[in-house]
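Read the structure below first, then the notes.
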Amino acid sequence: MANWVTFSRFLLLFVLLGVVYSGIPTLQLVNAPLTILIIALDGVDGWVARRFNEESLFGATFDIAIDRIVETVLWVVLAHLGFIGVWIPLLFIIRGNLVDAIRSKGAAAGTTAFDMMKSPIGRFLVAGRFMRGFYAVLKAVTFAWILLWQPFDALAPSFWAANGGWLSGIGLALAWLSAGICVARGLPVIVEFCANANPKTQDQA
Numbered sequence: 450m451a452n453w454v455t456f457s458r459f460l461l462l463f464v465l466l467g468v469v470y471s472g473i474p475t476l477q478l479v480n481a482p483l484t485i486l487i488i489a490l491d492g493v494d495g496w497v498a499r500r501f502n503e504e505s506l507f508g509a510t511f512d513i514a515i516d517r518i519v520e521t522v523l524w525v526v527l528a529h530l531g532f533i534g535v536w537i538p539l540l541f542i543i544r545g546n547l548v549d550a551i552r553s554k555g556a557a558a559g560t561t562a563f564d565m566m567k568s569p570i571g572r573f574l575v576a577g578r579f580m581r582g583f584y585a586v587l588k589a590v591t592f593a594w595i596l597l598w599q600p601f602d603a604l605a606p607s608f609w610a611a612n613g614g615w616l617s618g619i620g621l622a623l624a625w626l627s628a629g630i631c632v633a634r635g636l637p638v639i640v641e642f643c644a645n646a647n648p649k650t651q652d653q654a
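Numbering (the working numbering), first residue to last: 450 to 654.
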């Protein structure tokens with residue numbers, strides 16, 4: 450059941466893309482609520498897995514894979530539409546590839562991504578429930594905020610002319626903050642992997 454909830458997020462992503470690129474301003478008013486639904490379901494699949502005892506390495510890996518697809522596609526779309534700079538999706542793609550490559554080593558050994566983190570700061574930033582929740586909410590707010598205003602240039606041109614600048618500025622600030630936390634959560638994974646892969650460190654342990 451939990452994996453089907455995860456898969457539904459993947460399908461809803463394509464519905465959102467169809468709406469965003471539909472060119473129909475009134476239809477695009479569903480951008481924000483649909484975005485929030487897609488990201489909110491990330492918490493639902495975890496709850497379902499725990500509730501029905503469906504937690505597994507496959508489920509955890511599948512969930513992270515869909516997370517990565519959803520966020521990468523949305524960052525690329527926002528850059529393609531000109532709402533953010535292209536450096537932001539590039540940053541997420543580079544960080545995502547590095548971290549996923551490292552996590553694949555753990556998955557091969559039967560270790561989930563979050564269980565790989567051993568240091569206190571690593572567990573807080575990467576595996577901690579608070580930071581994971583905060584990061585997910587921040588990205589949801591960022592995507593929803595930026596996409597919320599997509600149709601307003603056509604639906605309310607005078608309003609957008611008067612307020613578009615600062616509304617877009619808030620979206621950029623949220624995107625930059627997301628990028629900063631993306632780096633902050635990726636570094637512990639890379640640092641711990643390099644430290645554990647160092648023969649000298651292993652000899653001293």
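C-beta atoms are modelled at their ideal positions from N, C-alpha and C, and glycine is treated no differently.
Find out if the Cβ-Cβ distance for the pair residue i, residue j is shorter than 8 angstroms.
{"i": "residue 490", "j": "residue 454", "result": "yes"}
{"i": "residue 596", "j": "residue 475", "result": "no"}
{"i": "residue 600", "j": "residue 477", "result": "yes"}
{"i": "residue 487", "j": "residue 522", "result": "no"}
{"i": "residue 635", "j": "residue 530", "result": "no"}
{"i": "residue 614", "j": "residue 532", "result": "no"}
{"i": "residue 464", "j": "residue 480", "result": "no"}
{"i": "residue 594", "j": "residue 602", "result": "no"}
Report the option in the options whose CA atom is closest to the CA atom of residue i.
{"i": "residue 623", "options": "610, 588, 613", "result": "588"}
{"i": "residue 590", "options": "470, 471, 552, 626", "result": "626"}
{"i": "residue 514", "options": "603, 467, 606, 545", "result": "545"}
{"i": "residue 630", "options": "582, 615, 604", "result": "582"}
{"i": "residue 572", "options": "466, 615, 633, 473", "result": "633"}
{"i": "residue 655", "options": "610, 644, 517", "result": "The question about residue 655 has no answer here: the residues shown for the chain are numbered 450 through 654."}
{"i": "residue 543", "options": "604, 628, 471, 593", "result": "628"}
{"i": "residue 538", "options": "460, 584, 524", "result": "524"}
{"i": "residue 549", "options": "574, 471, 511", "result": "511"}
{"i": "residue 598", "options": "536, 586, 456, 618", "result": "618"}
{"i": "residue 592", "options": "472, 528, 553", "result": "528"}
{"i": "residue 645", "options": "551, 461, 584", "result": "551"}
{"i": "residue 482", "options": "473, 471, 461", "result": "461"}
Taking contact to mean 3 or more Cβ pairs, one atom from each stretch, closer than 8 angstroms, check whether the segment 576-584 and the segment 639-646 are in contact.
no
Unbroken stretches of the alpha helix (DSSP H), 4 residues or longer, contained in the segment 586-652:
601-604, 606-646
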